[in-house]
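One rule links them: number in my numbering = place in the sequence shown (from 1) + 75. Please read the structure below before turning to the comments.
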Amino acid sequence: MTDDSEKVIIFQNSLILTKKIYNFLVIMIPRATYIVNFLKSLERTILQTFGHPPRELAYAYTYGKQTQLQPKKFSIKDIVGDGFLLAVPKFRRTIEKKWKRKFGHPDYVWKLLVPKTNIAVCSDCGHNFERGHLCGNCYKKVEAETKEIQEKIKEKLGNNKPIENDVIVLYNGEELPEETKEFWQGKRIIEMKKDRPQWFSKNLLQKSTQQPSESKDVKPTDLA
């Protein structure tokens with residue numbers, strides 16, 4: 076028991092001593108730093124006031140007169156026997172690579188002209204077009220007519236006003252269909268001073284969705 080108590084006392088004393096040393100260092104380190112900085116500033120002030128110390132010893136070197144080099148005349152004999160390094164290919168291209176560079180590759184870039192087999196003739200205008208696409212000539216006609224109708228709408232309704240109501244287009248010799256007053260409420264009428272094109276039928280302007288009706292008879296209306 077006495078040995079254990081002595082060990083405990085020694086351990087406690089060592090802890091107390093370590094704590095005192097730590098507190099001493101915490102107090103003295105800032106002071107030592109302050110003293111070192113003060114001495115450095117004092118040394119700097121003295122050097123600035125009384126001048127710097129003399130320079131250290133060094134070797135002295137004197138530059139001699141440089142002799143002018145005379146330009147040497149160029150002669151073809153100077154390069155005789157010397158080799159020239161030229162950029163030449165190290166390996167020969169294979170025949171497959173030559174064909175690909177000349178004709179291309181069918182999966183990537185094919186340089187040969189391939190005839191098209193999907194050309195058809197338009198039944199309306201007689202121009203050629205690709206199957207699966209619209210006829211270019213007919214599309215231009217529709218585009219020109221649409222732009223003309225849009226210009227008429229801008230002249231009558233203005234550019235700044237939003238067009239929220241339905242617009243009815245009438246050509247020369249056409250009259251308004253007989254409908255109820257509720258049908259014409261809020262609709263705008265645009266008159267085109269020319270005949271209706273043959274391809275532009277009236278049923279193209281009808282809505283695809285109609286109000287439900289109880290009658291079972293279905294008859295086409297406003298056909299061209």
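Built from N, CA and C at the ideal position, the CB exists for glycine as well.
Proximity of residue i and residue j at Cβ, strictly below 8 Å
| i | j | result |
| --- | --- | --- |
| G261 | N247 | no |
| I264 | L245 | yes |
| N193 | R206 | yes |
| G179 | K173 | no |
Local conformation of residue i per DSSP, three classes
| i | result |
| --- | --- |
| R106 | helix |
| W274 | coil |
| E257 | helix |
| E249 | coil |
| E239 | coil |
| V163 | coil |
| V196 | strand |
| R119 | helix |
First through last residue of the beta strand (DSSP E) which encompasses residue i
| i | result |
| --- | --- |
| P243 | Note on identity: in this sequence residue 243 is Ile, with Pro being the wrong assignment. From DSSP, the beta strand (DSSP E) with I243 extends over V242 to L245. |
| R263 | R263 to E266 |
N- and C-terminal bounds of the alpha helix (DSSP H) containing residue i
| i | result |
| --- | --- |
| V217 | G211 to L232 |
| F149 | From DSSP, F149 is part of no alpha helix (DSSP H); its letter is neither H nor E. |
| R176 | I170 to F178 |
8 Å contact criterion, which residue i and residue j should meet: CB distance rounded
| i | j | result |
| --- | --- | --- |
| V217 | I228 | That belief does not hold up - the Cβ atoms of V217 and I228 are roughly 16 Å apart, past 8 Å. |
Inset, instruction - Could you say if the region 207-222 and the region 262-277 meet the contact criterion of at least three C-beta pairs nearer than 8 Å? - result: Here the region 207-222 makes contact with the region 262-277; the two share three or more CB pairs at distances below 8 Å.
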